[in-house]
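According to full-length UniProt numbering, the residues represented by the sequence shown are 1 to 151, in order.
As structure tokens, the structure follows; a few thoughts come after it.
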Amino acid sequence: MSSSHTQKNRGDSTPLPPINERLAFLRPSRELLEYYRKKIAEFDEEHEDLVKQLEQYKATFEEQADARLEQLVGVEDSVIVQLQKRACAFAWLVSHPIAHLRPFLLFSDNLKAPLTGNHLELKRKEEPPVPARPPCSVHTHPTACHPPLEF
């Protein structure tokens with residue numbers, strides 16, 4: 001019933017103008033204007049509060065990120081220092097392999113055949129002295145790079 005009734009009314013009446021044209025002819029009441037002005041002011045205040053909160057969160061996040069980066073850089077620096085020390089020690093060991101291995105070879109020889117005290121003295125006299133460690137080019141202090149060798 002209602003669908004046929006609305007079709008008859010639509011067919012009988014002229015078509016409605018678009019909504020924008022109809023709204024243009026309306027005169028809003030002062031109360032309605034005041035209500036929307038208040039709502040817009042409330043939304044503006046809320047927006048300002050949210051922007052302030054976001055700025056605070058951003059500042060806090062940046063401070064935490066900076067502190068974390070500084071901590072990571074400190075850890076990486078200490079790792080680099082340790083790697084430089086090990087690289088210097090390794091470079092020294094590579095450049096002096098025979099002098100470094102001589103005590104192990106003597107120990108190995110002693111295990112193979114027992115030597116008399118006379119033979120040990122002769123072997124020690126034949127051995128050239130172990131060269132001193134040169135300072136590492138990475139560090140200014142020569143002992144900072146090379147750990148003490150223990151046999």
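Ideal Cβ positions, reconstructed from N, Cα and C, are used throughout, including at glycine.
- Secondary structure in the stretch 56-90: no beta strand (DSSP E) run of 3 residues or longer lies completely within the stretch.
- For Asp-77 and Cys-88, the gap between their C-alpha atoms comes out near 17 Å.
- The C-alpha of Arg-37 is placed about 57 Å away from the C-alpha of Val-75.
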